[in-house]
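Residue numbers (the numbering used here): 1 to 78. In this text, a Cβ means the ideal position worked out from N, Cα and C, and glycines have one as well.
Quick look at the structure:
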């Protein structure tokens, strides 16, 4: 049952190419290839090509923004 649910979710996922991700993130294709090879961005191989699930790219971006743009001074609660 779980495998069927996972398979259905994956089949409905939007899958992007290196070019798509480069345009989406405003990076060069070379940078996207490098990030995929290094494992710094969620990606998988399909034959010799790299592919990226858009939902995982979006989640990754949110995590990256949180890491890079953390406030320097903690917020003070009233």
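Checklist entry - By how many angstroms is the C-alpha of residue 67 removed from the C-alpha of residue 15? => result The sequence position of residue 15 within the chain shown is 15, counting from 1. The sequence position of residue 67 within the chain shown is 67, counting from 1. Approximately 25 Å between the Cα atoms of the pair.
Checklist entry - Should residue 61 be labelled buried (16 or more other beta-carbon atoms within 10 Å of its own) or exposed? => result To locate residue 61, count along the chain shown from 1; it is residue 61. Classification for residue 61: exposed.
Next on the checklist: Using a 10 Å radius around the Cβ and a threshold of 16 neighbouring Cβ atoms, would you call residue 23 buried or exposed?
Outcome noted: As a position in the chain shown, residue 23 is number 23, starting the count at 1. It is exposed - the Cβ of residue 23 has fewer than 16 other Cβ atoms within 10 Å.
Item to check | Cβ shell of residue 25 (< 6 Å), same chain only, five flanking positions each side left out | outcome: Position 25 of the chain shown holds residue 25. Closer than 6 Å at the Cβ level, and outside the excluded window around residue 25, lies no residue.
Checklist entry - In the segment 31-59, which residue ranges form an unbroken alpha helix (DSSP H) of at least 4 residues, counting only runs that do not cross its ends? => result none
Checklist entry - So residue 22 is in the alpha helix (DSSP H); what residue range does that whole segment cover? => result Here residue 22 refers to the residue found at position 22 of the chain shown. Counting along the chain, the alpha helix (DSSP H) containing residue 22 begins and ends at 18-25.
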